Amino acid sequence: MDAWQPMLVLLGVVGAGLAGLYGLGLWLAAARAPLESGPFAGGLEPGEHAVSRFHVRWYPVTMIFLAFDMEMLFMYPWVKVVSEVGTTAVVEMFLFLGILFAAVAYAWREGALRWT
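Remember, my numbering sits 51 above the position in the sequence shown when you count from 1.
So this is what it looks like as structure tokens:
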């Protein structure tokens with residue numbers, strides 16, 4: 052327990068400091084009128100809340116985007132390794148891209164990219 056005591060004391064001090072700063076911010080905050088805190092809409096009442104929900108079709112498109120984003124994340128280090136590893140790295144990358152392409156083709160066939 053002696054080895055953990057400085058870490059626990061530091062964690063307690065940081066937690067108390069954060070709680071104190073948060074409480075100080077709430078205590079010193081000026082009251083705002085609802086008109087001033089709402090989003091700017093040219094003087095009109097907002098039609099919907101500023102943090103409204105996304106359309107349900109947005110989520111599959113986002114998941115496909117994340118798949119392509121992960122592809123790029125894996126391809127950057129692959130560029131550095133391909134010269135050292137050789138043909139094996141090229142075959143593995145084309146296998147990875149083939150699986151990704153098959154997943155996108157399946158999503159396209161199932162209508163995940165159709166917005167209407």
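Think of the CB as a built atom: it goes at the ideal place given N, C-alpha and C, for glycine as much as any other residue. None of the values given here were measured: they were computed from a predicted structure.
Start and end of the alpha helix (DSSP H) containing residue i?
{"i": "L164", "result": "That residue, L164, is in no alpha helix (DSSP H); it is neither H nor E in DSSP."}
{"i": "A67", "result": "Q56 to L79"}
Return the Cβ separation of residue i and residue j in integer angstroms, given the expectation that the two are a contact with Cβ distance under 8 angstroms.
{"i": "A140", "j": "W129", "result": "6 angstroms"}
{"i": "W166", "j": "R104", "result": "W166 to R104, Cβ: 16 angstroms. No contact."}
Residue i and residue j: beta carbons closer than 9 angstroms?
{"i": "F145", "j": "E122", "result": "no"}
{"i": "A158", "j": "P111", "result": "yes"}
{"i": "L164", "j": "I115", "result": "yes"}
Is any non-hydrogen atom of the ligand HEM found closer than 8 angstroms to the C-beta of residue i, if you look at the structure I gave you?
{"i": "W166", "result": "Ligands are entirely absent from the displayed structure, and the ligand HEM is therefore not among its contents."}
Jot down the residue ranges of each uninterrupted alpha helix (DSSP H) in the region 107-137, minimum 4 residues, whole runs only, in chain order. 109-136
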